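Inspection log for the structure reproduced underneath, given as structure tokens.
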Amino acid sequence: MGFAAYSGTGKTTLLTKLIPLLKKEKLKVGVIKHSHHAFDIDHPGKDSYRIRRAGASPVMLVSRFRRAIISEFESPSEPRLHQQLAYFDNEDLDIILVEGFKKEKFPKIELHRPCLDKPLLFPKDDSIIAIACDQKPLGSVTIPMLDINQPEQICRFILDQVIDHA
8 MGFAAYSGTG KTTLLTKLIP LLKKEKLKVG VIKHSHHAFD IDHPGKDSYR IRRAGASPVM
68 LVSRFRRAII SEFESPSEPR LHQQLAYFDN EDLDIILVEG FKKEKFPKIE LHRPCLDKPL
128 LFPKDDSIIA IACDQKPLGS VTIPMLDINQ PEQICRFILD QVIDHA
């Protein structure tokens, strides 16, 4: 289940509220987040950073608490969701929430705030199954409307989708 929106709409904020609600329903939740920025999860001076900068790829960091794998892309290009899912360990997950990848075709909820003065995405994307908004957008909306400020309502919608399609 994805969340598509323009930057600044509140995708991450909503996810941080939805995840505990879904976990409360006994779902095991994974997240894939698309970033348009370069990022480092290891930092200068750390062994893993030095090893990666020396040319190793992938590099796996492991502790008794967590695991991270860092892979450099040989030819940087925009990542595709299906390619990234192949690397995502989803064996024990009930649901994967996807933040971003708004141009890809998979079930998503559009987050929209009219005050940001951005166009709606759903008219050009038939894989958007609902809109979560803080006020009714202008124009005709032909898919379910949810309140972006009511994560419990959005959680219920997601549960209905997951249960209906499981």
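Following our numbering, the numbering of the sequence shown begins with 8 at its first residue and continues without gaps.
Heads up, the beta-carbon is just placed ideally off N, CA and C, and yes, glycines get one too.
Just so we're clear, the structure is a prediction, and the values are computed from it rather than from any experiment.
Rounded to the nearest whole angstrom, the CA to CA distance from residue 104 to residue 33 is 15 Å.
Residue 76 sits exposed, since fewer than 16 C-beta atoms from the chains shown fall within 10 Å of its C-beta.
Here residue 59 is buried, its C-beta having at least 16 other C-beta atoms within 10 Å.
The shortest C-alpha to C-alpha distance from residue 13 to any of 82, 86 and 108 is the one to 108. By the criterion of at least three beta-carbon pairs nearer than 8 Å, the region 144 to 163 is in contact with the region 119 to 126. Listed in chain order, the non-local C-beta contacts of residue 100 below 6 Å within the same chain comprise 35 and 37, local neighbours out to five positions each way being set aside. Burial is judged here by how many other beta carbons sit within 10 angstroms of a residue's own beta carbon; residue 9 has at least 16 and is buried. The alpha-carbon of residue 83 is positioned some 32 Å away from that of residue 25. In terms of CA proximity to residue 114, 137 leads the group 137, 89, 30 and 62.
The beta-carbon separation of residue 139 and residue 155, rounded to 4 Å, stays under the 8 Å limit for a contact.
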